[in-house]
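Here is the structure we will look at, set down as structure tokens.
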Amino acid sequence: MKLVHCNHCFSNLAVDSRMKIFLFLKENGKKTVSQVVEQTSLSQPTISYHLKNMQEASLLSKQRVGKEIYYYVNKDCPNSNEICMLKQMNFTK
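Residue numbering for the sequence shown follows the working numbering, starting at 49 and increasing by one per position.
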């Protein structure tokens with residue numbers, strides 16, 4: 049794995065709110081925007097903004113089920129055929 053590709057993901061998670069969202073989803077699996085909002089002190093538009101940015105960076109994937117969209121941690125690195133090293137890391141709070 050080339051670490052040069054990982055710095056984009058790490059810089060995305062350098063935003064404290066995004067790291068909290070990432071950890072929540074990593075620990076709890078697929079969640080809706082509303083479920084993420086309940087676990088943070090951030091507004092729904094702010095959470096949606098962060099989720100969109102994280103999804104565009106390939107940190108997260110999304111799945112539509114009816115009217116709901118579920119976000120979850122992407123297991124695969126978008127830059128290689130390997131498991132994402134972020135998925136394997138044990139971050140501490």
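We put the CB at the ideal spot given by N, CA and C, even for glycine. Predicted model only: the values in this text are computed from it and were never measured.
Considering only C-alpha positions, which residue in the set Cys57, Ser106, Lys123 and Gln83 is nearest to Ile117? Gln83
Residue range of the beta strand (DSSP E) that includes Lys110: Leu108 to Val113
Could you check if Leu51 is buried or exposed, using at least 16 other CB atoms within 10 Å of its CB as the buried criterion? Model confidence at Leu51 stands at a pLDDT of 47, short of 50, so the residue's coordinates are unreliable; what they give is reported in the following sentence. Per the 10 Å Cβ criterion, exposed.
message: Within a Cβ cutoff of 6 Å, which residues of the same chain sit near Val63, ignoring the five residues on either side of it in sequence?
response: none
- If we ignore side chains and look at the alpha-carbon of each, how far apart do Pro93 and Val81 end up? 9 Å
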